[in-house]
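Only one structure is covered here, and it is reproduced in the block below.
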Amino acid sequence: MTDARSELVQGTLEMLVLKTLAFEPMHGWGIAQRIERLSHDVFLVTQGSLYPALVRMKRRGWITSSWRTTENNRRARYYALTAAGQRQLEQERVSWQRVSSAVNDILRASHIPATT
Amino acid sequence: MSALSDVWARLSSLLLRRREERELAEELRFHLAMEAESRRAAGTPAAEAERQSRIALGGVERTSEEVRDARGTRVFEDSLRDVSYAMRTLARSPGFALVVMLTLALGIGGTTAVFSAVDAVLLKPLPYQEPGRLVRLYQHGASTPGDRGVVTPVHYLAYRRQLTSFEHLAAVLTYNTTGEDLAGSGHAERIQVLPVSADYFDVLRAQPVIGRDFERSEENGAPSVILSHDLWERLYHGNAGAVGQALVMSGTPFTIVGVMPAGYVDPMVPGVAAWVPLDLRPGLDASNADNHYLDVLGRLRAGVTLSRAQAELNTVDATLAREYAGTSDMRATLYQLKEDVVGGASRSLQLMLGAVGLVLLLVCVNVATLLLVRGSARAHEFALRAALGGMRGRLVRQMLIESFVLALAGELAGLVVARLAMAAIVALGAGSVPRLDSLTMDSGVLAFSLAITGASAIVFGILPALRAARAQPIDALRAEGRALSGGQRQSRVRSGLVTAQVALAFVLLVGAGLLIVSFHRLRSLDLGVKADRALVFELHLPEARYDSTARARFYEGVATRIAQLPGVRAAGGISRLPATGSFHRWGTRALTGPVVGKPDGQVGAEQRVVSGDYFRAAGIPILEGRAFDARDDASAPRRAIVSTSAAHQLFPGVDPIGQRLRTGGFDWDVIGVVPDVGLDVEGRSAPTVYHAHAQFAGDRDWALTQVVSTSGSPTAMLPAIRSAIAMMDPELVLYRPMTMADAIGAGTAQRKLTLVVLASFAAIALILAALGLFGALSYSVKLRAREFGVRMALGAERGAIRRLVLRQGLAVTVAGVAVGVLGALALSRIMASVVFHVKPLDPGVLAGAVLFILLVGAAAAYLPAHRATAVDPRSILQ
Chain D
28 MTDARSELVQ GTLEMLVLKT LAFEPMHGWG IAQRIERLSH DVFLVTQGSL YPALVRMKRR
88 GWITSSWRTT ENNRRARYYA LTAAGQRQLE QERVSWQRVS SAVNDILRAS HIPATT
Chain R
1123 MSALSDVWAR LSSLLLRRRE ERELAEELRF HLAMEAESRR AAGTPAAEAE RQSRIALGGV
1183 ERTSEEVRDA RGTRVFEDSL RDVSYAMRTL ARSPGFALVV MLTLALGIGG TTAVFSAVDA
1243 VLLKPLPYQE PGRLVRLYQH GASTPGDRGV VTPVHYLAYR RQLTSFEHLA AVLTYNTTGE
1303 DLAGSGHAER IQVLPVSADY FDVLRAQPVI GRDFERSEEN GAPSVILSHD LWERLYHGNA
1363 GAVGQALVMS GTPFTIVGVM PAGYVDPMVP GVAAWVPLDL RPGLDASNAD NHYLDVLGRL
1423 RAGVTLSRAQ AELNTVDATL AREYAGTSDM RATLYQLKED VVGGASRSLQ LMLGAVGLVL
1483 LLVCVNVATL LLVRGSARAH EFALRAALGG MRGRLVRQML IESFVLALAG ELAGLVVARL
1543 AMAAIVALGA GSVPRLDSLT MDSGVLAFSL AITGASAIVF GILPALRAAR AQPIDALRAE
1603 GRALSGGQRQ SRVRSGLVTA QVALAFVLLV GAGLLIVSFH RLRSLDLGVK ADRALVFELH
1663 LPEARYDSTA RARFYEGVAT RIAQLPGVRA AGGISRLPAT GSFHRWGTRA LTGPVVGKPD
1723 GQVGAEQRVV SGDYFRAAGI PILEGRAFDA RDDASAPRRA IVSTSAAHQL FPGVDPIGQR
1783 LRTGGFDWDV IGVVPDVGLD VEGRSAPTVY HAHAQFAGDR DWALTQVVST SGSPTAMLPA
1843 IRSAIAMMDP ELVLYRPMTM ADAIGAGTAQ RKLTLVVLAS FAAIALILAA LGLFGALSYS
1903 VKLRAREFGV RMALGAERGA IRRLVLRQGL AVTVAGVAVG VLGALALSRI MASVVFHVKP
1963 LDPGVLAGAV LFILLVGAAA AYLPAHRATA VDPRSILQ
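Each protein sequence line maps, in turn, to chains D and R.
Each number in the working numbering comes from the position in the first sequence (counting from 1) with 27 added on.
Each number in the working numbering comes from the position in the second sequence (counting from 1) with 1122 added on.
In structure tokens, the structure reads:
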């Protein structure tokens, strides 16, 4: 859990959770379902990584939680985005786009540009 | 903001832990239910959907653990849980917990108590401003640089005038601390009074709270006095008007010029009640450059090192040696005041600290053994926890926390032990160990105590903790009744620990044995006097009522009168009792005989003034010539009796009787020779010259300690003696009466303290080691019960089984002794400096210790061996 790879995965998961919650408050299972569906089942969200991430995000004040009843009448804990979470999502989106476009630039490159 | 909410979130989850756990469980159940439902919706049969979901989601317990981690409360939470778990575990075996707690209490309490003494005596600075600059100055002969002799007034005054390294240099006359009589309200009382030079309080930077301190102009025996706070409270009830009034001491009125602050402790004489100016007039004693009687202490100037001051002192000494050539060839050496005050106690205390350190180590080893044995009993629990996925790190932490809980319990009980031990040390050491009265349980001592508690917890806890972490999950599946821990490795570790205990106990036993033998040798040393049937007490005659003639008449008269009492054999007086240290040591020269005028014709000889029938009263025979009698009065030529070593040095090869010697500015005829007597309790002696008080009284007023030899119990004679003296002078104080044995025995008090402390430690160590051996053997017998049963069922004799266990116990003991001998060898250098008339590896002591510890080992092994034979073969085979 300390190596760079899992850090990245963890950070990414948090961003995706924030994005999911930006639509509407949702319970843990729903969050996992949505991420999986939106990623066309590329990502598998295990409960072992989801719930610790939710607890961490709650501690940081990005999300809040409350117990509500679902449409089929079950009690579930719903998570909702806070203003801080909104800001965090925006921040992560910007930085993600910068990083991913940079990575894409490198991967698409066909020749080494001359050094200036 | 975010940091704050983080802390709040952590804290609230800590406080709401139970609710959070419940909610997490519900949340995960919900997750599983939804997962299964979605699979059912996709057409999977219900049971299969449930199963698949479980597999897909992974372990609920694992997720919960990770969520708990994410909450960030783990550390507190787990520690709290571990502590409460530890307490519950210990509460389930209160006997074990109690034994461990008491064992630790002995180690921690003992160490704390000894450390508090070390702290009070050795570590705490002297209670004066900038104590590092305070030094003592001692004189010694050119050929005896280690001696710490007192100083002549001639040298002192020269040093004070010439040395620039010192801010102040003061002289004190500790000889006279026996003090003065206060004859107030009917009953006479004696107080300790210290004559000091005018710089004395400047050196210590202590000033009177009321009034002033002494001035140089008063160094002529001026009748001024400064009172201690206690005496002022007692006599004047804290009335500031006391300053200026007269206090009559021994018949002479002294003007009170000042009162010292409460809590001021004199470094030279801690119990002193008052100070008077020291008489430093030339022509009195100062005429004599070879008359040593002053204690000198000074304060170095800021920035001046001891070695620089010493260098300056050496230069001055060279000049003085030329100036007083033929009279005095003395050098002076500086010592840190604290080092000097603490003196010999330092070695004893270091020894005690070392010994108690060994005890603490033994205690830790002992507890480690107990924990290991118990850990073996709990092996099943550990294996089960490992099987359920408990992490090894957590198991180690759990075990260490148990150790800390035990150690803290030991600390609490240990503080009680420490209190008792401290009281015992103070009671035993009072009077022989300086600064012991400042011994307290302060924050420093407490911090030390807690630190050793923590260290002990780690020392005794680490091995059992690591052992627990090695538990194999597979062991949990084995039958619980089966021995999980009888492995060779484990039993080797246990034997190793018991061996270590025996070795430590052996080292302490040897140390205690050496001290016991030393003390016995010291006590049975022939000091040349018969101290067991003699009473001693001091009689001080006030100068105002007794001139030299009256003094002479009184001392002879009182001796005669006491000698006539039934039950008294002989009575006399002496200026300083034998075996109580060097006193008036004067340069003494032969005026006749073969060494006249040669350098070795001059010796430093102890001068003693005697009255009455002193030699007979003290049990000292006259070897040649005669004792003093009525012929030797002030009108007769001055006569002296010399000790054998004085006779050999001053008059080698000739009959000393009739020879002449010079000392103290007068010439003396030798009329008798007596054997040398001990100058101190260790039997050292020095050339001694005895003078008759009747001839000496006109020169100096030396108070005489009376010695009365009795046929019965010395103290029983006290009332008769008291009334005999009261008939001669009802106002006299019979001061500090005691048996001569006690008066001399005071010199062995410090040794006795060391001895008692070390012997107690050795006893504790021995008991602990025996218990350790007993425990380990009992446990091993329990583990092998089945084996013994099978053996006996197959026809082994009970005797053989018993021998087997006894042999096992003795093997460990012998191994411990072997290691212990090496330890004793390693420590022999340290012991060499504290033992007396016995070698640090005395074969007798070593053999005794070996025998003793083997006996204890055999005794400890006997019961387990007996139990081994009590196994009923049938019960095993069923």
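In this text, a Cβ means the ideal position worked out from N, Cα and C, and glycines have one as well.
Bear in mind the structure is a predicted one, so any value in this text is a computation, not a measurement.
Chain R partners of G75/D, CB-CB under 7 Å?
In the first sequence, residue 75/D corresponds to position 48, counting from 1. Simply G1180, R1184, T1185 and E1188.
Please go through the segment 1243 to 1276 of chain R and give each complete beta strand (DSSP E) segment of 3 or more residues, from N-terminal end onward.
Runs of the beta strand (DSSP E) inside the segment 1243 to 1276 of chain R: 1256 to 1263.
Should A1601/R go down as buried or exposed, given a rule of 16 or more other Cβ atoms within 10 Å for buried?
Position 479 of the second sequence, counting from 1, holds the residue named residue 1601/R. Note on A1601/R: pLDDT 48, under 50, position unreliable in the model; the coordinate value appears next. Exposed, because fewer than 16 other Cβ atoms sit within 10 Å of the Cβ of A1601/R.
For E1746/R, the three-state DSSP class (helix, strand or coil):
Counting from one through the second sequence, the residue named residue 1746/R turns up at place 624. Here E1746/R sits in strand by DSSP.
What residues of chain D sit near Q1150/R, judged by a beta carbon separation below 8 Å?
Within the second sequence, the letter at position 28 stands for residue 1150/R. In the sequence under discussion, the amino acid at residue 1150/R is Leu, which differs from the Gln named in the question. Going along chain D in sequence order, the residues near L1150/R (Cβ under 8 Å) are Q74 and Y78.
Opening and closing residue of the alpha helix (DSSP H) in which T1575/R lies:
Locating residue 1575/R in the second sequence gives position 453, where the first residue counts as 1. Residues S1565 to A1591.
Reference A1739/R, options M1862/R, W1824/R and Y1857/R, closest by Cα:
Counted from its first residue, the second sequence places residue 1739/R at position 617. Residue M1862/R is the option with its Cα nearest to A1739/R.
Hey, out of M1849/R, D1851/R, A1871/R and R1844/R, whose CA is closest to R1858/R's CA?
Counted from its first residue, the second sequence places residue 1858/R at position 736. Closest option to R1858/R, Cα to Cα, is R1844/R.
Using the rule of at least 16 other Cβ atoms within 10 Å of the residue's Cβ for burial, across every protein chain shown, is G1385/R buried or exposed?
Stepping through the second sequence from its first residue, residue 1385/R is reached at position 263. When all chains shown are included, G1385/R counts as exposed.
Beta-carbon spacing of G112/D, L45/D below 9 Å:
On the first sequence, residue 112/D is found 85 positions in, with the first residue counted as 1. On the first sequence, residue 45/D is found 18 positions in, with the first residue counted as 1. Yes, the pair counts as a contact, with Cβ atoms nearer than the cut-off.
When the cut-off is 9 Å and only beta carbons count, does Q60/D lie next to chain R?
Start at 1 with the first residue of the first sequence, and residue 60/D comes out as number 33. Yes, Q60/D counts as interfacial toward chain R.
Residues that T7/D bridges to, as DSSP identifies them:
The question about residue 7/D has no answer, for chain D in this structure spans 28 to 143.
Taking 9 Å as the CB-CB limit, is G1165/R close to chain D?
Against the second sequence, residue 1165/R aligns to sequence position 43. Not one chain D Cβ lies under 9 Å of G1165/R.
Comparing C-alpha positions only, which one of G1536/R, A1543/R, A1546/R and L1506/R sits nearest to A1590/R?
Translated into the one-based positions of the second sequence, residue 1590/R becomes position 468. Nearest C-alpha to A1590/R: L1506/R.
Compute the beta-carbon to beta-carbon distance between G1695/R and G1734/R, rounded to the nearest angstrom, for a pair I have assumed lies under 8 Å.
In the second sequence, the residue the question calls residue 1695/R occupies position 573. In the second sequence, the residue the question calls residue 1734/R occupies position 612. About 6 Å separates the beta carbon of G1695/R from that of G1734/R, a gap short enough to meet the 8 Å contact definition.
Please report whether the beta-carbon of G1515/R lies at a distance below 9 Å from any beta-carbon of chain D.
Walking along the second sequence from the start, residue 1515/R turns up at place 393. Judged by the 9 Å Cβ criterion, G1515/R is not in contact with chain D.
Please report the distance separating the alpha-carbon of A1344/R from that of G1373/R.
As a working note, residue 1344/R is residue 222 in the second sequence. As a working note, residue 1373/R is residue 251 in the second sequence. Each residue's Cα considered, the two are about 15 Å apart.
Quickly, what does DSSP pair S1765/R with across the bridge? List them, please.
What you label residue 1765/R is simply residue 643 of the second sequence in a count that begins at 1. Looking at the DSSP assignment, S1765/R forms a beta bridge with V1796/R.
Quick check: is the beta carbon of G57/D nearer than 9 Å to any beta carbon in chain R?
Translated into the one-based positions of the first sequence, residue 57/D becomes position 30. Yes, its Cβ sits closer than 9 Å to a Cβ of chain R.
Whole-angstrom Cβ separation of R1675/R and M1850/R, contact assumed at under 8 Å?
Residue numbering aside, residue 1675/R sits at position 553 when the second sequence is read from its first letter. Residue numbering aside, residue 1850/R sits at position 728 when the second sequence is read from its first letter. With 8 Å as the limit, R1675/R and M1850/R do not qualify as a contact, their Cβ atoms being about 10 Å apart.
Run through the segment 1874 to 1919 of chain R for me and flag every whole alpha helix (DSSP H) of 4 or more residues, listed as ranges in chain order.
1907 to 1915
Tell me whether the beta-carbon of E1337/R lies closer than 9 Å to the beta-carbon of L1400/R.
Position 215 of the second sequence, counting from 1, holds the residue named residue 1337/R. Position 278 of the second sequence, counting from 1, holds the residue named residue 1400/R. Cβ atoms of E1337/R and L1400/R: not closer than 9 Å.
Going by DSSP, what residue range makes up the beta strand (DSSP E) through R1858/R?
Position 736 of the second sequence, counting from 1, holds the residue named residue 1858/R. That run of the beta strand (DSSP E) goes L1856 to T1861.
Please report whether the beta-carbon of E1602/R lies at a distance below 9 Å from any beta-carbon of chain D.
For the purposes of this step, residue 1602/R is identified with residue 480 of the second sequence, where counting begins at 1. Unreliable placement is indicated for E1602/R, whose pLDDT of 46 sits below 50; no coordinate value is reported for it.
Specify the secondary structure class of P1389/R as computed by DSSP and reduced to three states.
As a position in the second sequence, residue 1389/R is number 267, starting the count at 1. Coil at P1389/R, not helix or strand.
Does DSSP put S1733/R in a helix, in a strand, or in coil?
The count along the second sequence starts at 1 and reaches residue 1733/R at position 611. Note: S1733/R maps to strand in three-state DSSP.
Taking Cβ positions only, does R1193/R come closer than 9 Å to chain D?
Taking the first residue of the second sequence as position 1, residue 1193/R is located at position 71. For R1193/R, the answer is yes, since a Cβ of chain D falls inside 9 Å of its Cβ.
Can the beta-carbon of A1227/R be found closer than 9 Å to that of L1561/R?
Residue numbering aside, residue 1227/R sits at position 105 when the second sequence is read from its first letter. Residue numbering aside, residue 1561/R sits at position 439 when the second sequence is read from its first letter. Taking C-beta atoms as the reference points, A1227/R and L1561/R fail to come closer than 9 Å.
In the DSSP assignment, what residue or residues form a beta bridge with S1339/R?
For the purposes of this step, residue 1339/R is taken as residue 217 along the second sequence, with counting starting at 1. S1339/R pairs with nothing; no bridge assigned.
Between V82/D and chain R, is any beta-carbon pair separated by less than 9 Å?
Mapped onto the first sequence, residue 82/D falls at position 55. Yes, V82/D lies at the interface with chain R (some Cβ there is under 9 Å from its Cβ).
Just tell me which of E1746/R, R1760/R and E1145/R has its CA closest to the CA of V1731/R.
Sequence index remark: in the second sequence, residue 1731/R carries index 609 (1-based). The shortest Cα separation from V1731/R among E1746/R, R1760/R and E1145/R belongs to R1760/R.
Residues of chain D with CB closer than 9 Å to the CB of A1168/R, please, in chain order.
Reading the second sequence from its first residue, position 46 is the one you call residue 1168/R. Correct list: empty, because the minimum Cβ distance to chain D is about 16 Å.
Compare the C-beta of L1522/R against all C-beta atoms of chain D and say whether one is closer than 9 Å.
For the purposes of this step, residue 1522/R is taken as the residue at position 400 of the second sequence. L1522/R does not count as touching chain D.
In this structure, what does DSSP give as the bridge partners for D1789/R?
Residue 1789/R sits at position 667 when you count from the first residue of the second sequence. According to DSSP, which records beta bridges pairwise, D1789/R is partnered with R1784/R.
Compare the C-beta of R95/D against all C-beta atoms of chain R and say whether one is closer than 9 Å.
For the purposes of this step, residue 95/D is taken as the residue at position 68 of the first sequence. Chain R, which has no Cβ nearer than 9 Å to the Cβ of R95/D, makes this no.
Identify the contact partners of H54/D in chain R, using a Cβ-Cβ distance below 9 Å as the criterion.
For the purposes of this step, residue 54/D is identified with residue 27 of the first sequence, where counting begins at 1. Those within 9 Å of H54/D in chain R are E1149, F1152, H1153 and M1156.
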